[in-house]
Structures are given as C-alpha cells and as structure tokens.
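Trainee: Numbering-wise (my numbering), the sequence shown opens with residue 8 and increments by one.
The structure is given below, and queries will be raised subsequently.
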Amino acid sequence: MSTTSPSARPMSGTDLARDILDGTAARAAEIARRTGVRPCLATVLVGEDPASVTYVRMKRNRCAAAGIDSRHVPLPAEIDTAALVTRIAELSADPEVHGILLQHPVPRHVDERAAFEAIAPHKDVDGVTTHSFGAMAFDRPGFVSCTPGGILRLLDAYEVPLRGRRAVVLGRSPILGRPVGMLLLARDATVTYCHSRTADLPALVADADIVVAAVGRPEFVRGDWLRPGAVVVDAGYHPGGVGDVHAATAATVADLLTPVPGGVGPMTIAVLLEQTVRAAAEQLGV
Ligand code: NAP
Numbered sequence: 008m009s010t011t012s013p014s015a016r017p018m019s020g021t022d023l024a025r026d027i028l029d030g031t032a033a034r035a036a037e038i039a040r041r042t043g044v045r046p047c048l049a050t051v052l053v054g055e056d057p058a059s060v061t062y063v064r065m066k067r068n069r070c071a072a073a074g075i076d077s078r079h080v081p082l083p084a085e086i087d088t089a090a091l092v093t094r095i096a097e098l099s100a101d102p103e104v105h106g107i108l109l110q111h112p113v114p115r116h117v118d119e120r121a122a123f124e125a126i127a128p129h130k131d132v133d134g135v136t137t138h139s140f141g142a143m144a145f146d147r148p149g150f151v152s153c154t155p156g157g158i159l160r161l162l163d164a165y166e167v168p169l170r171g172r173r174a175v176v177l178g179r180s181p182i183l184g185r186p187v188g189m190l191l192l193a194r195d196a197t198v199t200y201c202h203s204r205t206a207d208l209p210a211l212v213a214d215a216d217i218v219v220a221a222v223g224r225p226e227f228v229r230g231d232w233l234r235p236g237a238v239v240v241d242a243g244y245h246p247g248g249v250g251d252v253h254a255a256t257a258a259t260v261a262d263l264l265t266p267v268p269g270g271v272g273p274m275t276i277a278v279l280l281e282q283t284v285r286a287a288a289e290q291l292g293v
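Take a look at the structure:
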C-alpha cells in the first residue's frame with residue numbers, strides 16, 4: 008500500500024503582497040500627481056534591537072519602492088514613557104506625516120499601550136490603538152492591525168470559505184491573535200481562542216477547519232493535531248526561518264498552509280503600506 012502523503016497547497020503571501028504593493032504604488036503616484044505631496048510614514052524605533060532594526064529597514068525600503076516617503080525617528084533605548092508619548096503626539100499633529108508606525112516591542116520600562124494611544128486614530132496605519140481595535144471589532148471603517156488584515160486578505164485570495172466554519176486562533180495578543188479572531192468572527196466563522204491557559208489545546212485544534220497559529224513558539228502546532236483538509240495560517244517567524252507550525256508534518260494533513268517565510272510576513276508590510284496611502288488620501292482629500 009502506498010504511504011505517499013498528500014502535500015498542502017502553499018498560500019503565497021509573496022505573490023499577493025506584490026499585487027497589493029503594485030496597486031499601492033500606483034495610488035501613491037496618483038496622490039503625488041494630484042496634490043504635489045507624497046504619502047509619508049513616520050517610523051519610530053526605540054533602541055537598537057537587531058530584529059526591530061531589520062523590520063524597520065525592510066518597511067522603509069518597501070516604502071521607497073512604492074513611492075512613499077518615510078521619516079525615520081530613532082529614539083534612545085532609555086527614553087521614558089512620557090517623552091515617547093510626547094514625540095508620538097508631535098508626529099500625530101504634524102501635517103507632513105500621514106501614518107505612524109511605532110515598531111514594537113518597545114523596551115520593558117516603557118508603557119507600550121500609552122505610546123500606542125498617542126497615535127492619532129487617522130494616522131494609525133498599523134492598527135494598534137484601542138480606537139482602531141474597537142472600529143475593527145464593530146465592523147466600522149478604520150485601520151486594521153496589519154498582520155490580521157493580511158491574513159484575511161490571504162484567506163480571501165485563496166477563496167477559503169469562512170461563514171459557519173470553525174476557526175481556532177492560537178494566541179490572544181492585542182496586535183495579532185485577538186484582532187484576527189474578531190475579523191474571522193465578523194465573517195461569520197465560529198471562533199475559539201486558545202492561549203497559554205487553554206486546557207487540551209490539541210483537541211480543540213483537531214476540530215478546526217481553519218487554524219491560525221500566533222503563539223510565538225517555534226514549530227508548536229504539530230501535523231497530528233490537525234483535522235485532514237484544514238486550512239493552516241502560520242503567523243510565526245523565528246530564527247532559522249521556521250514558524251509556529253511544524254511545517255513538514257502539517258503539510259501532510261492540511262489542504263492549504265502558509266509558507267514561512269513568504270506567507271504572512273510579506274502581507275503585513277503590504278497592508279501597512281496600503282493603509283498609509285489610504286491615510287494620506289483621506290488627509291489630503293483625494
Ligand atoms: P505574543 O504577544 O508573545 O503572544 C503569544 C500568544 O500565544 C499569547 O496570547 C500566549 O498566551 C499564547 N501562548 C504562548 N504559549 C502558549 C502555549 N504553550 N499554548 C497556547 N498559547 C500560548 O506574540 P505575538 O506578538 O502575537 O506574535 C505571535 C507570533 O507571530 C510570533 O511568532 C511572532 O514572531 C509572529 N509575528 C509575526 C508577524 C508578521 O508580520 N509575520 C507580526 C507579528 C508577530 P497568553 O496570552 O496566555 O500569554
């Protein structure tokens with residue numbers, strides 16, 4: 008008897024992100040032509056954490072390629088919450104800045120939530136404020152948290168039905184697990200959140216049509232937890248290029264699986280830039 012395992016189809020974020028960035032660049036050029044102003048994203052980086060430095064550099068490079076200006080705001084690691092809030096409030100009031108990205112995590116001594124809340128809602132292109140979360144949760148216009156927004160775009164691009172399907176989200180962080188569950192709920196999925204206190208997590212995963220892994224633990228979700236034919240979104244990224252899902256075993260069971268790298272990661276940046284250009288258009292009235 009053959010023991011050949013089926014292999015999951017990859018959900019490529021790289022291809023879809025390229026399409027989104029092409030459209031974003033065209034819209035940025037149109038805005039510049041009509042107003043004489045290029046969309047501008049402020050990138051606030053506190054300290055010099057190597058991963059954060061790399062992420063900000065990637066985002067700024069993508070901005071440049073899409074015709075979006077970026078204003079880099081490097082701040083010392085020892086900055087206190089009040090000074091950071093003041094700096095972000097200045098950017099919120101600056102008419103030349105259309106979107107604000109505060110790269111996170113910030114150093115432990117800083118109140119990250121207070122810093123996020125200093126971002127004016129109309130410039131919150133990373134979707135991190137409580138205003139943006141509330142708008143998203145109530146299905147109102149606003150800016151979504153970029154990784155969850157990117158995940159929904161991927162699911163739609165691969166025509167994954169959501170209505171009435173069981174979705175299990177592993178993780179409940181404010182920027183990822185929590186909002187992606189709300190977006191799935193808004194699309195009529197039946198959503199179960201799992202977290203570090205969840206009992207019998209594999210049994211819950213086994214019942215899921217759609218699994219979103221956002222636990223921050225390398226190769227945490229094993230293929231033998233999954234229901235055959237499940238759609239698996241791996242939001243994780245760890246040194247060595249592995250995600251939160253054990254890809255080799257998951258690929259033998261899942262129908263669709265996001266690759267790492269090249270799945271969720273590129274979508275996050277594409278949504279950030281798309282939302283920056285949308286913010287600029289709204290602020291410039293075009
Ligand atoms: P986070 O803030 O550390 O949150 C991790 C979540 O996982 C928490 O809710 C935690 O539960 C839960 N968790 C931890 N251990 C668990 C366990 N053993 N069983 C069940 N749940 C567990 O992480 P995050 O910022 O959401 O990021 C999650 C992953 O996504 C990371 O791998 C990160 O690198 C990646 N990420 C990728 C992008 C991208 O652009 N591709 C963007 C952001 C993050 P508690 O709430 O109970 O502590």
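A virtual CB, placed ideally from N, CA and C, is assigned to each residue, including glycine.
Since this is a predicted model, take the numbers as computed values, not measurements.
(1) Expressed to the nearest angstrom, what Euclidean distance is found between the alpha-carbon atoms of Asp118 and Phe140?
(2) As a quick check of your reading: which residues have a C-beta less than 5 Å from at least one non-hydrogen atom of ligand 1, in chain order?
(3) Going residue by residue through the stretch 36–119, where are the continuous beta strand (DSSP E) segments of at least 3 residues, counting only ones entirely within it?
(4) Indicate the three-state DSSP secondary structure (helix, strand or coil) for Val252 in the structure shown.
(5) How would you label Asp131, buried or exposed, when you count the other beta carbons within 10 angstroms and need 16 or more for buried?
(6) Output the residue ranges of the alpha helix (DSSP H) runs that lie fully inside the stretch 194–261 and measure 4 residues or longer, sorted by chain position.
(7) Spell out the partners DSSP gives Val151 in its beta bridges.
(8) What residue from Asp87, Ala127, Thr88 and His116 has the CA that sits closest to Pro102's CA?
(9) Could you have a look at Thr10 and say whether DSSP puts it in helix, strand or coil?
(10) Quick check on Val293: does DSSP put it in helix, strand or coil?
(11) Express the C-alpha separation of Glu37 and Arg69 in angstroms, rounding to a whole number.
(12) Touching or not, the stretch 219–226 and the stretch 243–252, by the rule of three or more beta carbon pairs under 8 Å?
(13) Quick one, which of Leu280, Pro273 and Ala258 has its alpha-carbon nearest Pro17's?
(14) Over what stretch of residues does the alpha helix (DSSP H) that includes Ala125 continue unbroken?
Mentor: Checking against the coordinates, here is how it stands:
(1) In the sequence shown, the residue the question calls residue 118 occupies position 111. In the sequence shown, the residue the question calls residue 140 occupies position 133. Cα to Cα, Asp118 sits roughly 18 Å from Phe140.
(2) Residues lining ligand 1 by the Cβ criterion, that is a Cβ closer than 5 Å to any of its heavy atoms, are Thr154, Gly178, Arg179, Ser180, Leu183, His202, Ser203, Ala221, Val222, Gly223, Ala242, Gly243, Tyr244, Val271, Gly272 and Thr275 in chain order.
(3) 47–53, 76–82 and 106–109
(4) Looking up residue 252 in the sequence shown gives position 245. DSSP places Val252 in strand when its eight states are reduced to three.
(5) Taking the first residue of the sequence shown as position 1, residue 131 is located at position 124. Buried.
(6) List check, alpha helix (DSSP H) in window: 208–213 and 254–257.
(7) The residue labelled residue 151 in the question sits at position 144 within the sequence shown. In the DSSP output, where bridge partners are listed per residue, Val151 has none listed.
(8) Position 95 of the sequence shown, counting from 1, holds the residue named residue 102. Measuring from the Cα of Pro102, the nearest candidate turns out to be Ala127.
(9) Residue 10 sits at position 3 when you count from the first residue of the sequence shown. Note on Thr10: pLDDT 43, under 50, position unreliable in the model; no value is reported.
(10) Counting from 1 along the sequence shown, the entry for residue 293 is found at position 286. The DSSP-derived three-state label of Val293 is coil.
(11) Start at 1 with the first residue of the sequence shown, and residue 69 comes out as number 62. Start at 1 with the first residue of the sequence shown, and residue 37 comes out as number 30. Straight-line Cα distance between these residues: approximately 18 Å.
(12) yes
(13) Counted from its first residue, the sequence shown places residue 17 at position 10. Per the Cα distances, Ala258.
(14) Position 118 of the sequence shown holds residue 125. Looking at the DSSP string, Ala125 is not in any alpha helix (DSSP H), and its letter there is neither H nor E.
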